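Below is one structure; the comments refer to it alone.
There are 2 protein chains.
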Amino acid sequence: MASSGDPEYKSSSTPVPGSGTGTGSGGVDYFKFDLILRFLLFAASLVAVVVMVTGNQTEYIPLPRPAKFRYSPAFVYFVAAFSVSGLYGIITTLASLSAIRKPNLKTKLLLQFIFWDALILGITASAAGTAGGVAYLGLKGNNHVDWHKICNIYDKFCRHIGSSVAVGVFGSIVLVLLIWISAHSIHSRVPK
Amino acid sequence: MASSGDPEYKSSSTPVPGSGTGTGSGGVDYFKFDLILRFLLFAASLVAVVVMVTGNQTEYIPLPRPAKFRYSPAFVYFVAAFSVSGLYGIITTLASLSAIRKPNLKTKLLLQFIFWDALILGITASAAGTAGGVAYLGLKGNNHVDWHKICNIYDKFCRHIGSSVAVGVFGSIVLVLLIWISAHSIHSRVPK
Numbered sequence: 054m055a056s057s058g059d060p061e062y063k064s065s066s067t068p069v070p071g072s073g074t075g076t077g078s079g080g081v082d083y084f085k086f087d088l089i090l091r092f093l094l095f096a097a098s099l100v101a102v103v104v105m106v107t108g109n110q111t112e113y114i115p116l117p118r119p120a121k122f123r124y125s126p127a128f129v130y131f132v133a134a135f136s137v138s139g140l141y142g143i144i145t146t147l148a149s150l151s152a153i154r155k156p157n158l159k160t161k162l163l164l165q166f167i168f169w170d171a172l173i174l175g176i177t178a179s180a181a182g183t184a185g186g187v188a189y190l191g192l193k194g195n196n197h198v199d200w201h202k203i204c205n206i207y208d209k210f211c212r213h214i215g216s217s218v219a220v221g222v223f224g225s226i227v228l229v230l231l232i233w234i235s236a237h238s239i240h241s242r243v244p245k
Numbered sequence: 054m055a056s057s058g059d060p061e062y063k064s065s066s067t068p069v070p071g072s073g074t075g076t077g078s079g080g081v082d083y084f085k086f087d088l089i090l091r092f093l094l095f096a097a098s099l100v101a102v103v104v105m106v107t108g109n110q111t112e113y114i115p116l117p118r119p120a121k122f123r124y125s126p127a128f129v130y131f132v133a134a135f136s137v138s139g140l141y142g143i144i145t146t147l148a149s150l151s152a153i154r155k156p157n158l159k160t161k162l163l164l165q166f167i168f169w170d171a172l173i174l175g176i177t178a179s180a181a182g183t184a185g186g187v188a189y190l191g192l193k194g195n196n197h198v199d200w201h202k203i204c205n206i207y208d209k210f211c212r213h214i215g216s217s218v219a220v221g222v223f224g225s226i227v228l229v230l231l232i233w234i235s236a237h238s239i240h241s242r243v244p245k
């Protein structure tokens, strides 16, 4: 019941006969995969936040001018969003773990997961976009409005920002996958 | 069957007995609400794109300097993303309409909707974030890196950008709601 299930789609359309009553189980689920993905979400969020926060760099051009994530509202939003998603990741990892032990909670939990995953996805994707948009300006600048690029000077800072945004995009993709497997698991429990 | 259903959650946990076989129907669904939301997604995407694209403004300071959305990669990404989501909105509005007429397609369609909604949500939320981050820089500038604000000069341009991003955020929220009602509808078909 807690198996990783048959990845082939067709198998899910033949639920165990007679399992339609009781705990609402039957049908495939991917809770072990779910567990791994949720832990990945937590890890990705943690890495994104740590890499972003540790990117401080001071350049002497000619006066000392530091670059810090908190100088940009976009990066502050990014850190806040991925702190939330990291916390969410670790909490739902535990929830997923408990569901593997108590299978009769699973269907209800899957619905809760989709609800929250969709909300967190909206937050993380927009945060990755916001930080990515500003990071791209740092990398390329914009001649039309005289915003000069800064990544030729603040190289370490920009490497941190870029890596952090990449990990953030990865975290958002993990959330999309989580929604997909939860939806598929619930769908497999609907009698045909 | 195509009714808007009882909005109270508890009612969904008592599906019609004996409906567990056959077409997979039974349980609540919100296809009329779904239809309206999908049309709203289309309308919001259309408005976001049109408002963004029509924001061109030329200021003479002292030479003529135009501001156009295509000067910023962030705004180009925004227009591309919301063109896709507008197209997706109108296609799924038609799919939702056909599901109201042919109820036996519904459960499968709900799963497809969640899959695609999650993907499009990732795209639109990140696009709204990207454009929003750059628009905020235009509004406030960033003294730390000498990026001066431009919205005191390009007022009409910035009004268009700001409105467009706001409508884009609204469209992303509609997508979250769509995932929620689809997930809830599928869940209500799982026998308890």
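If you read the protein sequences in the order shown, they are chains R and D. Under this note's numbering, the first sequence has 226 at position 173, and the numbering climbs by one with no breaks. Under this note's numbering, the second sequence has 69 at position 16, and the numbering climbs by one with no breaks. Backbone N, C-alpha and C fix where the C-beta goes; we use that ideal spot for every residue, glycine too. It should be emphasised that the depicted structure is a prediction, and the values quoted were computed from it without experimental measurement.
How far does the beta strand (DSSP E) with D/Tyr113 in it reach, from first residue to last?
As a position in the second sequence, residue 113 of chain D is number 60, starting the count at 1. Element bounds for D/Tyr113: Gln110 to Tyr113.
Excluding five sequence neighbours on each side, which residues of the same chain lie with their C-beta closer than 8 Å to the C-beta of D/Ile234?
Taking the first residue of the second sequence as position 1, residue 234 of chain D is located at position 181. So the qualifying residues of the chain are Tyr83, Phe86, Asp87 and Leu90.
Got a sec, what are the start and stop residues for the alpha helix (DSSP H) R/Pro126 sits in?
Against the first sequence, residue 126 of chain R aligns to sequence position 73. Taken as a continuous stretch (DSSP letters only), the alpha helix (DSSP H) holding R/Pro126 covers Pro126 to Arg154.
What residues are listed by DSSP as bridge partners for D/Ala178?
Within the second sequence, numbered from 1, the residue matching residue 178 of chain D stands at position 125. D/Ala178 pairs with nothing; no bridge assigned.
Just verifying my parser: in three-state terms, what is the DSSP assignment at R/Lys245?
Along the first sequence, one-based indexing puts residue 245 of chain R at 192. The answer is coil: DSSP assigns R/Lys245 none of H, G, I, E or B.
Tell me whether D/Asn157 sits in a helix, a strand or coil according to DSSP, three-state version.
If you number the second sequence from 1, residue 157 of chain D lands on position 104. If DSSP states are grouped into helix, strand and coil, D/Asn157 belongs with the helices.
Leaving out the 5 sequence neighbours to the left and right, which residues in its chain are closer than 6 Å to R/Arg154 when beta-carbon positions are compared?
Here residue 154 of chain R refers to the residue found at position 101 of the first sequence. Hits under 6 Å: none found.
Can you tell me whether DSSP reads D/Val69 as helix, strand or coil?
Translated into positions along the second sequence, residue 69 of chain D becomes position 16. Low confidence applies to D/Val69: its pLDDT is 39, below 50, so where it sits in the model is not reliable, and the reading given next is rough at best. DSSP places D/Val69 in coil when its eight states are reduced to three.
Could you check where the beta strand (DSSP E) with R/Arg12 kicks off and where it finishes?
A query on residue 12 of chain R cannot be resolved here, the shown segment of chain R reaching from 54 to 245 and no further.
Which residues in chain D have a C-beta closer than 8 Å to the C-beta of R/Gly160? List them in chain order.
As a position in the first sequence, residue 160 of chain R is number 107, starting the count at 1. In the sequence on display, residue 160 of chain R carries Thr and not Gly. Those are His240 and Val243, listed as they occur along chain D.
Between the alpha carbons of D/Tyr207 and D/Leu174, how many angstroms are there, rounded?
Translated into positions along the second sequence, residue 207 of chain D becomes position 154. Translated into positions along the second sequence, residue 174 of chain D becomes position 121. Using only the alpha carbons, I get a separation of about 30 Å.
Taking 8 Å as the threshold (C-beta atoms), are D/Ala101 and D/Val28 in contact?
A query on residue 28 of chain D cannot be resolved here, the shown segment of chain D reaching from 54 to 245 and no further.
At a CB-CB cut-off below 9 Å, which residues of chain R make contact with D/Ser136?
Here the question's residue 136 of chain D lines up with position 83 in the second sequence. Those within 9 Å of D/Ser136 in chain R number zero; the least Cβ separation is about 16 Å.
Whose C-alpha, out of R/Gln165, R/Lys202 and R/Ile226, is nearest the C-alpha of R/Ala97?
Taking the first residue of the first sequence as 1, we reach residue 97 of chain R at position 44. Of R/Gln165, R/Lys202 and R/Ile226, the residue nearest in Cα terms is R/Ile226.
Looking only at its chain, what residues have a beta carbon closer than 8 Å to the beta carbon of R/Ile167, apart from the 5 residues adjacent to it on each side?
Position 114 of the first sequence holds residue 167 of chain R. Result list for R/Ile167: Ile232, Ser235, Ala236 and Ile239, in chain order.
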